[in-house]
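S.K.:
Residue numbers (my numbering): -2 to 152.
1) Need the endpoints of the alpha helix (DSSP H) that residue 52 sits in, please.
2) When we look at the beta-carbon of residue 68 and count the other beta-carbons within 10 Å, is it buried (16 or more) or exposed?
3) At which residue ranges does the region 91 to 128 contain complete alpha helix (DSSP H) runs of 4 or more residues, listed in the order of the chain?
4) Which term fits residue 8, buried or exposed, when burial requires 16 or more other beta carbons within 10 angstroms of its beta carbon?
5) Quick test of the definition: if touching needs 3 or more C-beta pairs under 8 Å, does the region 68 to 82 touch the region 16 to 26?
6) To the nearest angstrom, report how far apart residue 53 and residue 115 are at their CA atoms.
7) Go through its chain and collect everything with a Cβ distance to residue 93's Cβ below 8 Å, but skip five positions before and after it.
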C-alpha cells in the first residue's frame, strides 16, 4: 500500500510541476505579447516622452523594439530558473540566473559592436536573451526526465 501511495504522490507532484511551469509560460506570453506589441508600435512615441534628440530617439526606438520582440519568451528563462530554485537545484539556478545579464550579455556587448557597430549595442541584450532561453530549455527538459525516475521526497 505504501508503495502505491508513493507512486501516486510522485505522479501528482510531476503533473503539478508541469502544470505550474506551463501556466507560468502561457500566462506571461499572453500578458507580455499584447504589451510588447503596443510598445513595439508606439516605441517612437515612448522614446519621445523621455528625450527630444532625434538621433538618440532613433537609437532608442531600435533598441526598445529589439527588447520587446523577445519579451514574451522571457517566461522560459524565468520559469526554468524558478523551477531550479524551488527544487533546490542551486548550481543550475545560479548558472541560469547569471546567463542573461552576465555570461551572455557581457561578451555580446563587448563583441557585437566591434563586428556590426551601433546595431551590435542595440541587439546585445536581445542576443543574450535568446541564448539564455536556448540554455534554459535543456535544463527544464533534463529536470523533467530526472523527476520521472525519482521519489517525491528527492525532488
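For every residue, glycine included, the Cβ atom is placed at its ideal position computed from N, Cα and C. What you are looking at is a predicted structure, and each value in this text was computed from that prediction instead of being measured.
M.R.: Well, looking at it:
1) Unbroken alpha helix (DSSP H) run through residue 52: 51 to 67.
2) Counting the other CB atoms within 10 Å of its CB gives residue 68 a total of 16 or more, which places it among the buried residues.
3) The region 91 to 128 contains these whole alpha helix (DSSP H) runs: 102 to 113.
4) With fewer than 16 other Cβ atoms from the protein chains shown falling within 10 Å of its own Cβ, residue 8 counts as exposed.
5) Counting Cβ pairs under 8 Å, three or more are found: they touch.
6) When rounded, the distance between both Cα atoms is 12 Å.
7) So the qualifying residues of the chain are 74, 77, 78, 81, 129, 132, 133 and 136.
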